[in-house]
Amino acid sequence: MEAIEIVHLSSDNEGGDDIEAVCSANQIETKTRQLTKHKSHSASQISEENIVSSGLSSCRSVTCASESGFLSVDDISLSSPQPISAAPLCRKFWKAGNYDNRLGSKVSSQCAKNYLHVHPLFLHSNATSHKWVFGAIAELLDNAVDEIHNGATFVKVDKILNPKDGSPALLIQDDGNGMGPEAMQRCMSFGFSDKISEFAIGQYGNGFKTGSMRLGADAIVFSCHVNDMVCTKSIGLLSYTFLMRAQLDRIVVPMVNYKCNPSTGYLEKLNHQEHFKSNMSLLLDWSPFLSEAEIVKQFDDIENHHGTKIIIFNLWFNDDENLELDFDTDPQDILIAGDVKKIDTVPARKRVNEQQLANRLHHSLRDYLSILYLWDRVPNSFRIILRGQVVKFRNIADDLTDHAFVKYRPHGGGLEEAIFVTIGFLKEAPDVDIHGFNVYHKNRLILPFWPVVSFKGNRGRGIVGVLQADNVQPTHNKQDFERTSPFQKLELRLKDMTWEYWDRFSHKIGYQKRKRRNPVGLPNPSMKKPLVTEKPVALDNCSSPVPISNAQDGSEQTSLTKRKTRGFTDHHEMKRQAVEKNVQTTASPADQMVDQEIVNLLEFNKQLNADCFAFEKMEEELNLEVTQLRSRLEEAKLEYNRLLDEAIDLKCLD
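Mind the numbering: the sequence shown is residues 1 to 654 in the UniProt record's numbering, read in order.
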């Protein structure tokens, strides 16, 4: 038996050739028998060849290792200085990292001592950044959404059963561009991202590892990719169970690759025989599948030879010994077990609060996914399919009344740097104890219903806002923002915006309008030139902000007094009051300009709606044509089969 061949992926650029194996074949056999004896569900042979070992900085394929400056070690083996006992793997995520770090199996090399590697426990500690399990699912969906520019049209999230033991597993599948062998290795490594688009959500190349390991102990990835008319199919297994049970001191990822002939379906092994045999052996031992045929069959529903399928199994349990993900309560949803938020309010308001999206999204994946992205900026052809049902996308702004549109310019730069905030009352206000801003970054929801104020005496209740803030940096788990100066300024501005909106519009939901008093020593604002540092915005029923004046743009000021003098502007309200008081008003040139702009915007909006209707009608016609063509194709197939059967019968008669 030969020693294991491992590709070391390190931060050094030293190379080495003709490295001797540290331990003999006999030692390998001894280690294999020890590991086999203590495995709980299969007989794993660890002492084979060619396992990919994940390095600290980045990843390269075996074929390009020497070209990229990374060390390719041909004769490295697993050694075991003392007998190995099967490490008990806790099924509760927050306790699964309590591992007795005794000396166990080591991947050894005479020249590998200067090379950094990642300990398997890092998989767990890295995943703890996701306190909320839905945040981990969102990480994996981000990868699919980033594939929209490559033609992805759907991402599917569903429950399947582990063929080995019948336990639930989580399936996430898309029809994006897929990954070739090298891209698959980079996916399995840390800190390597191929995404160069400024619109891509992923940045660090870490989302797959943190997301999958937060959901379950093990994940197997199937990916089809076509490049230069060459179709490849790759399989990789990231198994925390395997690494812990084997007590390895670094992350080892079994992978196999095929070259596919699309016309015949024939699969050619890209790895040499010993490499393929050893990696396939580990895949069969530690994956949910019992044979190579079962593994290869997983590619059958990846259509057109491009796309990626992730199966996460050995899902984590909560403290009550139940699966964290509840697949049973709602067959069309995935819930967080036991995480239904208790609503502390009067009985008459309890039901309306429980049904509110702001409360449901914390335990209902369907509700969370419905607002996860700004869907008006995502192609209509893209769908999220949760448990067989398409997720209906929602625009939070549609749930608001008395909309206001406010422009916030963080640095006083050009128009492209402005942040447009939609703010209003929830339709159920004041019967809901909800408020806060939904902050998106690159179309992805980072902070849902972020409470920037602490309302007392109902002041601020029911006020909700929506904005996209690309000038602030999300944390790497995409559930918060880094506490930078731009973020702190944004928080302060949203807080002031909430109070300003409440003081102006709270009477519309039944509260007494608060009279505003001028600070002592300050002249009447109407007698004073306003301290405008950004263009005020008309608060009407238009769907976009309307500049009121051509005041010189400047940096956003944080002085509350200055904002009070600016306030919110509502021309329709001013004109109505003037008519009621029989006051003869003469529209100023600025008002006339604004009115004309409103008319132009309304006309443009009508034209866009008409175009949209025409496109929708065209889409319906095209869909009908596709359906008819598919029907004709099925008929042709049936006719072909009939003729083929007749030909066979005639041949038999001859």
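Beta carbons are placed, not taken as given, at the ideal position from N, Cα and C, and that holds for glycine.
Presumed contact (8 Å Cβ cut-off) between residue i and residue j, rounded CB distance
i, j, result
"V221", "I310", "5 Å"
"C187", "H306", "C187 to H306, Cβ: 15 Å. No contact."
"K392", "P288", "Contact doesn't hold; Cβ gap of about 32 Å is too wide."
"Y440", "Q473", "Incorrect: roughly 14 Å between the Cβ atoms, too far for contact."
"G465", "L494", "7 Å"
"I336", "E321", "Actually they do not touch by this definition, with Cβ atoms about 15 Å apart."
"residue 711", "A397", "Absent from the model: residue 711. The displayed extent of the chain is 1 to 654, so no value can be given."
"G388", "D158", "7 Å"
"M400", "L374", "With the sequence shown as reference, residue 400 is identified as Leu, and Met is not the correct amino acid for it. Their Cβ separation, rounded to whole angstroms, is 15 Å, which puts L400 and L374 out of contact at 8 Å."
"M213", "A127", "4 Å"
"L121", "G207", "Between G207 and L121 the Cβ distance is about 20 Å, and since that is not below 8 Å, they are no contact."
"F313", "K92", "Not quite, the Cβ-Cβ distance comes to about 16 Å (not below 8 Å), so this is no contact."
Residue i, enclosing beta strand (DSSP E) - first and last residue
i, result
"S278", "No beta strand (DSSP E) contains S278, which is instead part of the alpha helix (DSSP H) from Q273 to W286."
"F420", "I419 to L426"
"E268", "L267 to K269"
"A337", "No beta strand (DSSP E) holds A337; DSSP gives it neither H nor E."
"L171", "P168 to D174"
Three-state secondary structure (DSSP) of residue i
i, result
"P331", "coil"
"A636", "helix"
"F242", "helix"
"F313", "strand"
"D326", "strand"
"P120", "coil"
"K297", "helix"
"G307", "strand"
"R366", "helix"
"residue 658", "Because the chain spans 1 through 654 in this model, residue 658 falls outside it and cannot be assessed."
"A404", "strand"
"N641", "helix"
"L622", "helix"
"F481", "strand"
"Q356", "coil"
"R444", "strand"
"Q628", "helix"
"V252", "strand"
"V390", "strand"
"P474", "strand"
"K350", "helix"
"K92", "strand"
"G460", "coil"
"A647", "helix"
"G414", "Residue confidence is low: G414 scores 49 on pLDDT, short of 50, so the model does not pin down where it sits. Its coordinate-derived value is still stated next. DSSP places G414 in coil when its eight states are reduced to three."
Span of the alpha helix (DSSP H), counted from its first residue to its last, around residue i
i, result
"G211", "G207 to L215"
"Q185", "P181 to M188"
"N140", "Residue identity check: residue 140 is Leu in the sequence provided, not Asn. It spans V133 to V145 - the alpha helix (DSSP H) in which L140 sits, taken as one unbroken run."
According to DSSP, residues forming a beta bridge with residue i
i, result
"W502", "In DSSP, W502 forms no bridge with anything."
"A219", "L238 and I312"
"F437", "W450 and G465"
"R383", "F154"
"T232", "H225 and K259"
"Y511", "For Y511, which the question treats as bridged, DSSP gives no partner whatsoever."
"K159", "L170"
Are the region 474 to 491 and the region 132 to 151 touching by the rule of at least three beta carbon pairs closer than 8 Å? In short, these stretches touch, since the Cβ pair count reaches three.
Counting Cβ pairs closer than 8 Å, one from the region 153 to 171 and one from the region 221 to 235, do we hit at least three? In short, these stretches do not touch, since the Cβ pair count stays below three.
Say whether the region 327 to 338 touches the region 420 to 437, bearing in mind that this needs 3 or more beta-carbon pairs closer than 8 Å, one atom from each stretch. No, they do not touch.
Does the count of Cβ pairs from the region 423 to 440 and the region 448 to 455 closer than 8 Å reach three? These segments touch.
Indicate whether the contact test is met: 3 or more Cβ pairs, each with one atom in the region 604 to 611 and one in the region 368 to 376, closer than 8 Å. As far as the Cβ criterion goes, the region 604 to 611 does not touch the region 368 to 376, which means the pair count is below three.
At least three beta-carbon pairs within less than 8 Å, the region 249 to 256 to the region 350 to 365: Counting Cβ pairs under 8 Å, fewer than three are found: no touch.
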